[in-house]
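Student: Residues 221 to 519 in our numbering are what the sequence shown lists, from first letter to last. Before I ask anything, here is the structure I am working with.
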Amino acid sequence: MPFTGEPLRALLTDIVTPKYVHSLMESLKCGSVTNREFPVLTMGTGVRQILVVTGFSINDYRISNTLIYMLLNRCMNHVYSIPTFSASQLSKWTIRVIPMANPWPFNSWDVIRGRSSFYSMDDEGIPVRYDALTLRSRYSIKLHNFVHEVNPELIVMLVSSEKWSIATPEPIRIDDYNTVSSDPADFTHHFSFESYPTILLSVPEDAEPREIANWVIQLIKEHSTRAQESKPLEVVVRVHGDIDNISNILKLHGFLVGIDGDKLIIRANNKSQSLLNALIDNNLIEHYFDVEISEIHLQ
Numbered sequence: 221m222p223f224t225g226e227p228l229r230a231l232l233t234d235i236v237t238p239k240y241v242h243s244l245m246e247s248l249k250c251g252s253v254t255n256r257e258f259p260v261l262t263m264g265t266g267v268r269q270i271l272v273v274t275g276f277s278i279n280d281y282r283i284s285n286t287l288i289y290m291l292l293n294r295c296m297n298h299v300y301s302i303p304t305f306s307a308s309q310l311s312k313w314t315i316r317v318i319p320m321a322n323p324w325p326f327n328s329w330d331v332i333r334g335r336s337s338f339y340s341m342d343d344e345g346i347p348v349r350y351d352a353l354t355l356r357s358r359y360s361i362k363l364h365n366f367v368h369e370v371n372p373e374l375i376v377m378l379v380s381s382e383k384w385s386i387a388t389p390e391p392i393r394i395d396d397y398n399t400v401s402s403d404p405a406d407f408t409h410h411f412s413f414e415s416y417p418t419i420l421l422s423v424p425e426d427a428e429p430r431e432i433a434n435w436v437i438q439l440i441k442e443h444s445t446r447a448q449e450s451k452p453l454e455v456v457v458r459v460h461g462d463i464d465n466i467s468n469i470l471k472l473h474g475f476l477v478g479i480d481g482d483k484l485i486i487r488a489n490n491k492s493q494s495l496l497n498a499l500i501d502n503n504l505i506e507h508y509f510d511v512e513i514s515e516i517h518l519q
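Right under this line is the structure:
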């Protein structure tokens with residue numbers, strides 16, 4: 221744990237581990253923090269829930285550190301210069317921050333330093349950001365379950381990129397932000413298909429913490445949303461793989477699944493209809509799962 225006696229210096233200098241973040245927040249009694257391996261930081265007392273997520277890759281560490289810094293600055297009465305959440309925001313919103321959605325590379329920096337092919341992988345070689353459908357990584361399951369448990373009004377996803385941009389994944393438009401062609405297998409897009417309005421903020425790798433903090437603060441507000449209409453479909457698929465495992469994963473996505481021999485009968489609830497339609501329209505259910513579509517019915 222680097223710079224244990226100077227936590228703010230650590231956050232402005234280099235990568236910190238999930239355990240370091242957990243112990244730091246606990247020792248300073250800053251908000252609430254859960255899980256030493258997969259920390260979730262919570263601040264605010266508002267009835268409206270917002271989730272801020274980053275850290276799918278080690279390249280996101282400046283964003284992760286800025287979010288942690290913002291919470292610490294609030295707890296330490298603005299001792300430091302980086303902007304933080306306002307009292308008004310914290311009275312309206314409960315802000316939950318997942319700074320390391322894929323914690324393994326943050327834990328293993330000494331092992332993977334300079335080996336960029338590992339920056340976005342978990343300890344089993346799974347690229348967590350793109351595991352939103354198959355949920356093979358234990359971190360994918362943690363993130364997916366947590367979102368459904370919290371049921372946030374808004375999700376803000378932050379990822380490192382070459383330049384600043386702000387967009388909303390289809391099928392939910394937010395304000396007048398640009399929309400992006402969405403991939404249900406990409407966690408930064410996925411929850412929009414499950415009826416959670418999502419903003420995707422791309423952050424240059426050399427962005428200053430003050431800039432990142434200001435953007436996050438601006439995004440935590442009321443937004444107008446417009447969801448695309450989804451036609452209610454039912455799909456019957458023939459399963460070639462492990463029918464119980466495939467059925468269980470589909471149920472985690474909110475689908476209603478019935479088993480008929482070697483077939484699955486799949487329907488969607490109100491929140492997951494857009495996801496089912498996207499899987500069918502783009503042949504993704506056959507691509508990601510060992511199944512073959514037999515029938516599609518309009519309900």
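For glycine and all other residues, C-beta sits at the position ideal for the given N, C-alpha and C.
CA-CA distance, Glu425 and Thr237?
Tutor: About 19 angstroms.
Student: Taking 7 angstroms as the cut-off, does the CB of Phe366 come closer than this to any heavy atom belonging to the ligand GDP?
Tutor: The ligand GDP is absent from the structure shown, which contains no ligand whatsoever.
Student: Count the CB pairs spanning the region 252 to 262 and the region 316 to 330 that are closer than 8 angstroms, and state whether there are at least three.
Tutor: Yes: at least three Cβ pairs fall under 8 angstroms.
Student: Helix, strand or coil for Gln269? Go by DSSP, reduced to three states.
Tutor: If DSSP states are grouped into helix, strand and coil, Gln269 belongs with the strands.
Student: Kindly indicate which three-state DSSP category Thr399 falls into: helix, strand or coil?
Tutor: Strand at Thr399.
Student: Verify whether the separation of the beta carbon atoms of Asp406 and Ala447 is less than 8 angstroms.
Tutor: Not a contact, by the Cβ cut-off of 8 angstroms.
Student: Under 8 angstroms Cβ to Cβ from Asn489, same chain only, skipping five residues before and after it: list those, please.
Tutor: Contacts found: Gly474, Phe475 and Leu476.
Student: Following the continuous alpha helix (DSSP H) through Ala447, name the residue where it begins and the one where it ends.
Tutor: Note, Ala447: premise wrong, no alpha helix (DSSP H); beta strand (DSSP E) at Thr445 to Ala447.
Student: Are there 16 or more other CB atoms within 10 angstroms of the CB of Lys538, so buried, or fewer, so exposed?
Tutor: The chain is shown only over 221 to 519; residue 538 falls outside these bounds and no answer can be derived.
Student: Around the C-beta of Gln493, are 16 or more other C-beta atoms found within 10 angstroms, so that it is buried, or is it exposed?
Tutor: When all chains shown are included, Gln493 counts as buried.
Student: Can you list, in chain order, the residues of its chain with a C-beta nearer than 6 angstroms to that of Met290? Leave out the 5 residues immediately preceding and following it.
Tutor: Only Thr304 and Ala433 meet the Cβ criterion.
Student: Output the distance between the C-alpha atoms of Val400 and Pro389, rounded to the nearest integer angstrom.
Tutor: About 5 angstroms.
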